[in-house]
Amino acid sequence: MPRGLWTTTVGSFPKPPHLEKARQQFARGEITADRLGEMEREETVAVIRRQEAIGLDLLVDGELYRGDMTTYFAELTPGYAVSNPVRSYGNRYYRKPVAVGPIRRTKEWTVEWWKFAQAQTKLPIKGMLTGPYTMMDWSFNEHYPSREAMTMDLAAAINDEALALQEAGAKYIQIDEPAISVRPEELPLAVKAFARATQGIKAKTITHICYGDFDVIYPALLDLPVDQIDLEMANSRYDLLDRFRVNAFTKEIGYGVLDVHSHRIETKDEIKEGILRGLEVLKPEQMYVDPDCGLKTRTVEEAFAKLEAMVAAVREVRAEKGITA
Amino acid sequence: MKIQTTLAGSYPKLPTVAGDVNLRVVRNRRDAGKATDDEVAAAVRATTRRMIELQNRIGIDLPMEGQAGWDDAQTFVARGLEGIRIAGLLRYLDTNTYYRQPEIVGPIRWTGPITAGEFREAQALSARPLKAFLPGPYSLYRFSKDMRYGDPTEGARSFGEALGREAAALEEAGATWIHVEEPWIGHARAADGRAVRAALEAFLAGHRAKTMIHVPFGSPMAVFDSIRDLPWTAIGLDLVGAPAGWEILPLVPKGRTVGLGLIDARNTRLEAPEAVAGAVARARGLRPDLDYHLSPTASLEYLPADTAEKKLERLVASAALAAKGGA
Numbered sequence: 323m324p325r326g327l328w329t330t331t332v333g334s335f336p337k338p339p340h341l342e343k344a345r346q347q348f349a350r351g352e353i354t355a356d357r358l359g360e361m362e363r364e365e366t367v368a369v370i371r372r373q374e375a376i377g378l379d380l381l382v383d384g385e386l387y388r389g390d391m392t393t394y395f396a397e398l399t400p401g402y403a404v405s406n407p408v409r410s411y412g413n414r415y416y417r418k419p420v421a422v423g424p425i426r427r428t429k430e431w432t433v434e435w436w437k438f439a440q441a442q443t444k445l446p447i448k449g450m451l452t453g454p455y456t457m458m459d460w461s462f463n464e465h466y467p468s469r470e471a472m473t474m475d476l477a478a479a480i481n482d483e484a485l486a487l488q489e490a491g492a493k494y495i496q497i498d499e500p501a502i503s504v505r506p507e508e509l510p511l512a513v514k515a516f517a518r519a520t521q522g523i524k525a526k527t528i529t530h531i532c533y534g535d536f537d538v539i540y541p542a543l544l545d546l547p548v549d550q551i552d553l554e555m556a557n558s559r560y561d562l563l564d565r566f567r568v569n570a571f572t573k574e575i576g577y578g579v580l581d582v583h584s585h586r587i588e589t590k591d592e593i594k595e596g597i598l599r600g601l602e603v604l605k606p607e608q609m610y611v612d613p614d615c616g617l618k619t620r621t622v623e624e625a626f627a628k629l630e631a632m633v634a635a636v637r638e639v640r641a642e643k644g645i646t647a
Numbered sequence: 149m150k151i152q153t154t155l156a157g158s159y160p161k162l163p164t165v166a167g168d169v170n171l172r173v174v175r176n177r178r179d180a181g182k183a184t185d186d187e188v189a190a191a192v193r194a195t196t197r198r199m200i201e202l203q204n205r206i207g208i209d210l211p212m213e214g215q216a217g218w219d220d221a222q223t224f225v226a227r228g229l230e231g232i233r234i235a236g237l238l239r240y241l242d243t244n245t246y247y248r249q250p251e252i253v254g255p256i257r258w259t260g261p262i263t264a265g266e267f268r269e270a271q272a273l274s275a276r277p278l279k280a281f282l283p284g285p286y287s288l289y290r291f292s293k294d295m296r297y298g299d300p301t302e303g304a305r306s307f308g309e310a311l312g313r314e315a316a317a318l319e320e321a322g323a324t325w326i327h328v329e330e331p332w333i334g335h336a337r338a339a340d341g342r343a344v345r346a347a348l349e350a351f352l353a354g355h356r357a358k359t360m361i362h363v364p365f366g367s368p369m370a371v372f373d374s375i376r377d378l379p380w381t382a383i384g385l386d387l388v389g390a391p392a393g394w395e396i397l398p399l400v401p402k403g404r405t406v407g408l409g410l411i412d413a414r415n416t417r418l419e420a421p422e423a424v425a426g427a428v429a430r431a432r433g434l435r436p437d438l439d440y441h442l443s444p445t446a447s448l449e450y451l452p453a454d455t456a457e458k459k460l461e462r463l464v465a466s467a468a469l470a471a472k473g474g475a
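Read top to bottom, the protein sequences are chains A and B. Numbering of the first sequence is given in this note's numbering, commencing with residue 323 and proceeding in unit increments. Numbering of the second sequence is given in this note's numbering, commencing with residue 149 and proceeding in unit increments.
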């Protein structure tokens with residue numbers, strides 16, 4: 323009986339309103355870091371419990387203690403400053419990192435959070451980092467003479483953190499590179515930097531890539547030295563499958579089936595149809611089913627309703643196809 | 149000799165002064181059911197007023213409206229055209245910003261003004277004539293998913309015809325300059341020249357207003373031969389992101405204007421006016437017969453509002469230095 327169609331998520335979960343409020347209060351100096359940390363830990367436990375209850379196979383800590391996926395790391399790293407808000411789309415803004423000196427990792431970024439999260443569950447928790455190419459591309463640069471110099475300094479820093487996560491016991495380490503799909507001429511740099519960032523890593527490595535032009539980077543994307551590439555499939559109506567028919571997808575795939583930018587809760591049947599379409603060109607043991615991207619832009623209720631529909635769809639497909647987890 | 153200063157697209161919507169109307173906050177309140185659509189519309193107007201007043205105060209010669217009510221550079225216009233359906237989010241080239249992808253599901257047709265009313269309202273707020281903004285027809289085609297034409301030349305031409313009608317509506321609303329954002333022309337290959345020409349030829353036909361074909365992030369060199377003779381007034385170059393744009397200057401027909409994008413809209417590092425004025429002098433040395441605009445390389449919305457304001461100040465200081473012949 324084949325195994326596969328494991329369920330997971332891409333990383334972030336929505337912060338409940340009272341945690342958002344607490345973060346704003348902390349920013350205004352109205353509550354202490356200890357109090358905010360206490361609330362973040364409480365909500366992290368709650369997110370893990372809900373992932374367990376839904377029946378996900380591979381969990382995340384939910385990143386409730388992080389703001390943006392680049393800014394969080396920049397705030398902990400000498401050589402980085404952080405800008406005032408910059409718009410990404412519509413009414414969404416983030417504080418963008420600014421390289422103002424040599425970037426060095428002088429303390430752990432995520433290891434304590436990973437240890438805390440893993441202590442809450444017997445299921446595996448992914449270590450979650452942002453990749454060197456994306457950190458570079460999504461930063462302003464007031465220091466480095468070239469994009470490559472900045473990327474490789476970041477790769478060395480990220481490698482230190484990945485090794486520390488592995489040392490702590492992480493069996494899955496996800497290093498997201500969503501920016502990789504936008505400058506095809508720099509794909510070799512992204513590959514080189516990813517190899518440096520994962521040097522010495524024996525844990526399963528994953529990278530998440532989304533919302534880019536895959537026509538220009540596929541199948542070269544498969545050169546990335548990583549075990550699993552996580553892709554948004556639902557957002558592009560599973561068009562990527564046509565490319566996989568021409569050039570086989572040779573790695574594990576994180577197979578996105580939920581539109582994280584829509585309030586609408588997908589039906590079990592439509593998710594199931596998307597998974598079945600995937601099984602026409604992919605093997606079940608290649609596939610980890612998940613949302614298209616992080617869920618932090620949804621409400622808490624929307625996020626879990628979407629995941630419940632996703633798990634229900636996977637269970638039906640598994641039952642119909644005789645696939646076990 | 150004076151060089152005209154202008155923007156190259158939208159402007160950050162957030163205020164830099166505490167207490168000013170914050171469109172982001174009002175929209176969040178609307179999404180939470182605590183503000184109305186009318187309140188959002190009022191915040192858009194207040195933000196537009198602030199953007200225009202800022203440009204007037206700093207001394208921008210050819211200000212722009214700033215697109216306070218737009219989510220991205222495409223969707224606002226695309227959703228107003230017949231034959232277009234708006235779909236999922238895609239990353240906007242390599243900018244870490246996003247847009248909703250237009251899908252071409254039927255013949256593209258212009259059925260009525262989309263931006264002209266907004267332009268007219270904004271113009272009433274400005275002491276100086278505003279430069280209107282439209283997404284470029286070739287880029288709008290490339291940003292879209294073609295489920296109708298199957299031929300880039302036909303699809304791009306259809307967008308050109310539709311957006312040309314919108315440009316005419318902007319002229320009726322009083323626009324004397326129209327800025328056309330064409331990032332995909334900077335990514336085009338020579339083989340794309342036919343589609344690029346078809347788009348711009350259809351768009352440019354029969355206008356009174358001056359037109360700026362602005363190419364951020366790349367150089368239009370690969371297709372410049374295909375569009376060289378078309379009746380555009382100005383070609384806008386991103387000389388920071390694509391220094392190869394300098395090679396265009398010797399090829400620009402006499403009597404045209406070149407937009408020198410020399411203020412980096414994608415990095416917070418501030419330019420030295422002396423260096424910018426030096427680059428202007430270089431352009432004038434290469435082609436003394438052309439007219440020039442001085443601008444950011446792209447929309448300033450890639451920057452935080454406080455930095456964008458400083459960039460505008462550097463822009464004006466650079467132009468003043470260039471006028472004195474300093475470098």
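Note that the Cβ used here is the ideal one computed from N, Cα and C, for glycine as well.
Non-local C-beta neighbours of phenylalanine 224/B in its own chain, meaning closer than 8 Å and more than five positions away in sequence, comprise Gln215, Gly217, Trp218, Ile262 and Thr263, ordered along the chain. Taking 7 Å as the cut-off between beta carbons, the residues of the stretch 416-429 of chain B near chain A are Thr416 and Arg417, in sequence order. Sequence-distant Cβ neighbours of alanine 344/A in its own chain, meaning closer than 7 Å and more than five residues away, are Ile353, Leu358 and Met361. Residue state for isoleucine 587/A is assigned as coil, using DSSP reduced to three classes.
Judged by DSSP in its simplified three-state form, valine 422/A adopts coil rather than helix or strand. In the DSSP assignment, tryptophan 325/B falls within the unbroken beta strand (DSSP E) covering 325-329. Taking a Cβ-Cβ threshold of 8 Å, the residues of chain A close to aspartate 220/B are Tyr411 and Gly412, in chain order. For threonine 195/B, no chain A residue has a C-beta closer than 7 Å to its own C-beta; the minimum C-beta separation is roughly 12 Å. In the three-state reduction of the DSSP assignment, lysine 459/B falls in the helix class. Three or more pairs of CB atoms, one per stretch, sit closer than 8 Å, so the stretch 203-211 of chain B contacts the stretch 456-467 of chain B.
Chain B has a Cβ within less than 7 Å of the Cβ of valine 420/A. Here aspartate 299/B is exposed. Its C-beta has fewer than 16 other C-beta atoms within 10 Å. Inter-segment contact for the stretch 451-463 of chain A and the stretch 489-501 of chain A is present: three or more beta-carbon pairs are separated by less than 8 Å.
The distance from the Cβ of glutamate 630/A to that of proline 324/A is about 24 Å, inconsistent with a contact at the 8 Å cut-off. Shortest Cα-Cα distance from glutamate 266/B to any of Ile256/B, Arg257/B, Ala156/B and Leu282/B involves Leu282/B. Fewer than three pairs of CB atoms, one per stretch, sit closer than 8 Å, so the stretch 627-645 of chain A makes no contact with the stretch 414-425 of chain B.
Annotation for lysine 514/A: the continuous alpha helix (DSSP H) segment containing it runs 509-519. Not one beta carbon of chain B lies nearer than 7 Å to the beta carbon of tyrosine 387/A.
Proximity to leucine 378/B across Glu230/B, Gly322/B, Arg313/B and Ala353/B peaks at Ala353/B, based on C-alpha coordinates.
Between serine 405/A and chain B, the shortest Cβ-Cβ separation is below 7 Å.
Residue range 382-386 is occupied by the beta strand (DSSP E) that includes alanine 382/B.
Contacts with chain B at 7 Å (Cβ-Cβ) include histidine 583/A.
For glycine 473/B, the number of other beta carbons within 10 angstroms of its own is below 16, and it is reported as exposed.
Between valine 382/A and threonine 331/A, the CB-CB gap stays under 7 Å.
Straight across, the Cα-Cα distance linking lysine 493/A with serine 558/A is about 30 Å. Per the DSSP secondary-structure output, threonine 646/A pairs in a beta bridge with Arg325/A. For glycine 616/A, no Cβ of chain B is located within less than 7 Å of the residue's own Cβ. The DSSP-derived three-state label of proline 541/A is coil. When C-beta atoms of the stretch 327-336 of chain B are compared with those of the stretch 356-368 of chain B, three or more pairs fall below 8 Å, so the two segments count as touching.
Taking each of Asp475/A, His530/A and Ala625/A in turn and checking the Cα distance to glycine 423/A, the smallest one comes out for Asp475/A. Leucine 380/A is positioned such that its CB atom lies closer than 7 Å to that of proline 446/A.
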